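Worksheet for the structure shown next.
In the working numbering, the protein residues as written are -8 to 159.
Structure, rendered in structure tokens:
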């Protein structure tokens, strides 16, 4: 029920912290159209007999299997010179995701989440050299192209070095 959902959301917040730290520190790549995969055991009950109550919830928290993975790296590009040193767009999206999960963990409903509207921050929407507003344009992230006279900032996918894992 809702109590196990809150416990699971809190666990996901904890599991996303290493990814948040990595994205705050790395300055080599931009991640477009990547995803975060949430995996969890659907059973709400522990396998062995325990007394139902708060103690059961704590035991379920320890026993329930959950994991978080960053996936879909087809559109990862090196950060070009003069285009900042961090992928702030990804970080802003991740921060809002964490706010949603924290809200669920605290029992809030959807209209109570305190999300940050980044639509007015132009530096987060710099995807091409044409100077047009890429948020309201016909940019196609999946094909990596845009109609009109537009040159994407990053043209080739990055080769992720084997020595620096990106998946958490």
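Glycine residues also receive a C-beta, built at the ideal position from the N, C-alpha and C atoms.
Model, not experiment: these values are computed from the prediction.
With a cutoff of 8 Å on beta-carbon distance, residue 21 and residue 70 are scored as near each other. Excluding five sequence positions before and after residue 6, the CB atoms of its chain that fall closer than 6 Å to its own CB belong to 59, given in chain order. Under DSSP, residue 57 takes part in a beta bridge, and its partners are 31.
Around residue 25, the same chain offers 61, 62, 63, 64, 66, 67 and 81 as residues with beta carbons nearer than 8 Å, after the five sequence neighbours per side are excluded.
Counting only residues of its own chain and dropping the five nearest sequence neighbours on each side, residue 98 has a CB closer than 8 Å to the CB of -7 and -3.
The three-state secondary structure of residue -7, taken from DSSP, is helix.
Per DSSP, the unbroken beta strand (DSSP E) holding residue 21 starts and ends at 20 to 22. DSSP places residue 26 within a strand segment (E or B) once states are collapsed to three.
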